[in-house]
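Residue numbers (the UniProt record's numbering): 1 to 195. Yeah, the Cβ is synthetic: ideal placement off N, Cα and C, and Gly gets one too.
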């Protein structure tokens, strides 16, 4: 990137000549700066994501790598060899993936950052919440919990489905929406396991 370019995000000092010099003296790598996109729709998404009201982002501005998720930055070349193995070679300069949007703003209040975590499938999520609710004890509130039967569900008609639904663990401290969601996910998992 060209000299004299600073990170556009408020509170970020990446690209500052004094900071770059200090990092060089300590032997640390300076964060890479990525030019804002030329595509108007993507540029608008960047403008919405970056909380700055005093100046509008243009395609000439840059944002440093500290504000992107790790999976949005390509740091290695990946080459598939003839024997099927993948060789990874480090890039000289990191590259930003197409369509990436800055999401991490460490120098600002946490509600400006939106780290999107990958969601687990419903079956795994419901099992994890079930384990947490079984291990969590709330002072002064009894947890009424119906034990889940360990036998395989057998759905021959609607009455048996309804009977098996009543054997799903229910935590009375949960909200109705949470109870319904857990019940629905449990039923989906039981049906998927039958298939």
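Residue i classed as buried or exposed, judged by whether at least 16 other C-beta atoms fall within 10 angstroms
i	result
residue 95	exposed
residue 50	buried
residue 54	exposed
residue 67	buried
residue 81	exposed
Closest by C-alpha distance to residue i, when choosing among the options
i	options	result
residue 17	42, 82, 74, 30	30
residue 62	182, 85, 43, 88	43
residue 7	24, 40, 27, 59	59
residue 102	85, 93, 48, 187	48
residue 99	57, 71, 19, 32	71
Simplified DSSP state of residue i, which is helix, strand or coil
i	result
residue 78	strand
residue 107	coil
Alpha-carbon to alpha-carbon, residue j and residue i
i	j	result
residue 196	residue 184	Nothing in the structure corresponds to residue 196, since the chain is present only between 1 and 195.
residue 10	residue 178	39 Å
residue 36	residue 189	44 Å
residue 15	residue 34	11 Å
residue 13	residue 65	12 Å
Proximity test, Cβ basis, 9 Å: residue i and chain D
i	result
residue 186	No chain D appears in the structure shown, which is made up of a single protein chain.
Check: residue i C-beta below 8 Å from any heavy atom of the ligand COA
i	result
residue 43	The ligand COA is absent from the structure shown, which contains no ligand whatsoever.
Going residue by residue through the UniProt domain "THAP-type" (1-105), where are the continuous alpha helix (DSSP H) segments of at least 4 residues, counting only ones entirely within it?
17-26, 40-49
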